[in-house]
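Peer 1:
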Amino acid sequence: LADAVAAVRAVTESAQRPLLNISADSFQVRISEPARGLPHLWSAKVTLADPGDAIALPIQASDAQYYVSPSAAQLTVYRPVHAGRPTRGTASIRIRDLLSGTGDETIVDGTLVTEEKIQASPNDLAWIRISPGGGRVDLHARLESQSAMAGGEWRFRTIPQRLSGDVRKLLQAAKGVPLPGSAFEIVPLLSTPVDLYALGVLAVRILLTDAKNSLPVAMDEILSLARQVATEHDPSVTLDGRIGAIFGRDHRWLTSLGPHRLCSLTMEPQEAFDLIPSSLWWETLALIIRMFPGIGPDSECSDLGDASFGGVHLVFDRAMSDLEHVLRKTRSLIVIDWNYNREIHAVIRQYQAGLGGSSGAAPSPAAQPKKP
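Right, dumping it as structure tokens:
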């Protein structure tokens, strides 16, 4: 998983664009000749086999870059549903003012009024076609619902665009005049947070699925947990601490998202904690939840376009840091004596069960386990 995240980060850093089509099929495993005395699979390394299908969306008279995916309409568990088709409709447009941008660029401030149901994030792009004075002008803007004055209205401000003198005159004359029947389309800004989401799904597939727990079921459970910890958000309590508290209150979470999902053998969740410390498992679930954009205040990205220009690869840094932290903690688990630890834990549980079932007297010496 750490190799997969690192591979995607490297490609996006080099190309400065998202991939938008990551799935389990995007990767391949290379196995080299191992060093003498080491297990063969210890030489395995995950590499990225698919460079992505993101296409730059040209914006007339602007240097801004947006990306779309040709496969956006295809439903897949690796892509959030709101990263799919855009929202289209007609609206009445009111131009409030024309502002000067950098150099010869112009920014249009206005209001969009529509009966269409719009779900737009601050980073999404709105294409608006207006016809002032018989002309036709295409605007590209971001919507601001918070500053709207009435229901069904969205304030907008265009990205800086280079407009001709004739177009500026048309827009100046149209200020304050309602322009009904204007076509619009909301294009979700898709950037590397879409890829981070896909890597989160890949983490669920690797860590939380087995013969009895499919990927759709595991995704449903982890997203429910993510929303629960968001509801109980407390800045003074760490994310893994809140996860541990939730598991302690409701043991159903342990059945669906416990560490026993890592093992191919049938095992009870509590038995799995004999092998994996609970604190380490809470941290593992926390790193997965942070990879899903917009779930809550714990998410690394607020939405699917929350990536800085020139630094689209930086959204993967927290996931890389979390994975490195967990990897360091799990190194000792690879070389310990599993059977010995399980035997000790089993003896302790039997001893505790005996104490719970007695009238309070300590077990006889004959019933006590022998010292190893």
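The numbering of the sequence shown is my numbering, which starts it at 702 and goes up by one.
Yeah, the Cβ is synthetic: ideal placement off N, Cα and C, and Gly gets one too.
Here the structure is a predicted model, which is why all the values come from computation and not from measurement.
1. When we look at the beta-carbon of Ile1075 and count the other beta-carbons within 10 Å, is it buried (16 or more) or exposed?
2. Could you work out which residue in Glu734, Pro889, Thr777 and Gly995 is closest to Ile819 when comparing CA atoms only?
3. Using only alpha-carbon positions, find the residue among Arg837, Met920, Phe974 and Asp1018 that is nearest to Ile990.
4. Do you know offhand how far Arg1050's Cα is from Arg950's?
5. Sorted by chain position, which residues of the same chain lie with C-beta nearer than 7 Å to Ile794's C-beta, five sequence neighbours on each side aside?
6. Measure the alpha-carbon distance for Ala1078 versus Gly738 and round it to whole angstroms.
7. What does a CB cutoff of less than 7 Å around Thr910 pick up in its chain, not counting 5 residues either side in sequence?
8. Could you tell me if Ala750 is buried or exposed, where buried requires 16 or more neighbouring beta carbons within 10 angstroms of its beta carbon?
9. Would Leu799 and Leu872 be called neighbours here (beta carbons separated by less than 8 Å)?
10. Provide the residue span of the beta strand (DSSP E) that contains Gly790, from first to last.
11. Just reading off the alpha helix (DSSP H) that Tyr898 is part of, what are its end residues?
12. Measure from the alpha carbon of Val1013 to the alpha carbon of each residue in Ala703, Gly942, Glu714 and Ala708, then state which is nearest.
13. Helix, strand or coil, according to DSSP, for Ile829 in the structure here?
14. Indicate the three-state DSSP secondary structure (helix, strand or coil) for Leu924 in the structure shown.
15. Express the C-alpha separation of Pro960 and Gln971 in angstroms, rounding to a whole number.
16. Excluding the 5 residues flanking Pro1066 on each side, which residues of the same chain have their C-beta closer than 8 Å to its C-beta?
17. For Ser1033, count neighbouring Cβ atoms within 10 angstroms of its own Cβ and tell me buried if that reaches 16, exposed if not.
18. Is the beta carbon of Phe885 closer than 8 Å to that of Gly790?
19. Tell me which same chain residues have a C-beta within less than 8 Å of the C-beta of Val712, skipping the five on either side of it?
20. If distances are taken between C-alpha atoms only, which option among Ile923, Ala821, Ile860 and Ser865 comes closest to Ala837?
21. Using the rule of at least 16 other Cβ atoms within 10 Å of the residue's Cβ for burial, across every protein chain shown, is Ile732 buried or exposed?
22. In chain order, what are the residue ranges of uninterrupted alpha helix (DSSP H) at least 4 long that sit wholly in the region 918–999?
Peer 2: Once the coordinates are examined:
1. Within the shown structure, residues of the chain are numbered from 702 to 1073, placing residue 1075 beyond reach of any answer.
2. Pro889
3. Met920
4. 21 Å
5. Gly811, Leu813, Ile829, Ile831, Leu880 and Ser883
6. The requested residue 1078 is not part of the displayed model; the chain covers only 702 to 1073.
7. Leu916, Ala919 and Arg962
8. exposed
9. yes
10. Thr788 to Ser801
11. Thr893 to Leu909
12. Answer by Cα proximity: Glu714.
13. strand
14. Looking at Leu924 - three-state DSSP - the assignment turns out to be helix.
15. 9 Å
16. Reliability of the predicted coordinates at Pro1066 is poor, the pLDDT of 40 falling under 50, and no value is obtained from them.
17. exposed
18. yes
19. Leu720, Leu749, Pro752 and Gly753
20. The question names Ala, but residue 837 is Arg in the sequence shown. Measuring from the Cα of Arg837, the nearest candidate turns out to be Ser865.
21. exposed
22. 940–950, 953–958, 970–973 and 979–991
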